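Let me begin by presenting the structure, written as structure tokens, before commenting on it.
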Amino acid sequence: MPKPHSEAECLFCKIIQKKIPSKVVYEDEVALAFEDISPQAPTHLLIIPKIHIARLADIEQQDEVTVSHLFSVIRTLAKQYALLEAGFRTVINSGESAGQTVFHLHIHLMGGRRFHWPPG
Numbered sequence: 052m053p054k055p056h057s058e059a060e061c062l063f064c065k066i067i068q069k070k071i072p073s074k075v076v077y078e079d080e081v082a083l084a085f086e087d088i089s090p091q092a093p094t095h096l097l098i099i100p101k102i103h104i105a106r107l108a109d110i111e112q113q114d115e116v117t118v119s120h121l122f123s124v125i126r127t128l129a130k131q132y133a134l135l136e137a138g139f140r141t142v143i144n145s146g147e148s149a150g151q152t153v154f155h156l157h158i159h160l161m162g163g164r165r166f167h168w169p170p171g
């Protein structure tokens, strides 16, 4: 039986494998970005690595290039969605207490509205 949060049961791994449909807005060899199904802003995208990393806390040294690339993708998408000047928010939840519900590292890119602090 697969471990909880394992690659075999991972929703985002299934999206990467095209087993589950999504509205993909960016894809390359390392990363995939798609629209969030429950958007919290006019622009709300998820950027994920194509390798399975369950949580931010699970990043290892060999993952550093991949994780760095995710931030390059964020800049590309922020430019594509005209968010660079007005601003945007990125969020990474790591672990259940932080609100992570899908255990595949993902970065929320949100923009198109004014955000408040603290976020909640």
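In this text, residue positions in the sequence shown follow this note's numbering: the first is 52, and each later residue adds one.
Even for Gly, the Cβ is constructed at its ideal location relative to N, Cα and C.
Bear in mind that the values here come from a model prediction, so they are computed numbers and not experimental data.
- By the CB criterion at 8 Å, Gly163 and Ala84 fall outside the cutoff.
- The beta carbon of Cys64 sits closer than 6 Å to the beta carbons of Glu58 and His103 from its chain, once the five residues preceding and following it are set aside; these are given in chain order.
- DSSP, reduced to helix, strand and coil, places Phe166 outside both helices and strands of the structure shown, so it counts as coil.
- The alpha-carbon separation between Arg106 and Leu156 amounts to approximately 5 Å.
- Per DSSP, the unbroken alpha helix (DSSP H) holding Ile67 starts and ends at Leu62 to Ile67.
- Here Leu135 is exposed: its Cβ has fewer than 16 other Cβ atoms, across all protein chains shown, within 10 Å.
- The Cβ neighbour count for Ile158, taken over all protein chains shown within 10 Å, is at least 16; the residue is labelled buried.
- By the beta-carbon neighbour count (other beta carbons within 10 angstroms, threshold 16), Val75 is exposed.
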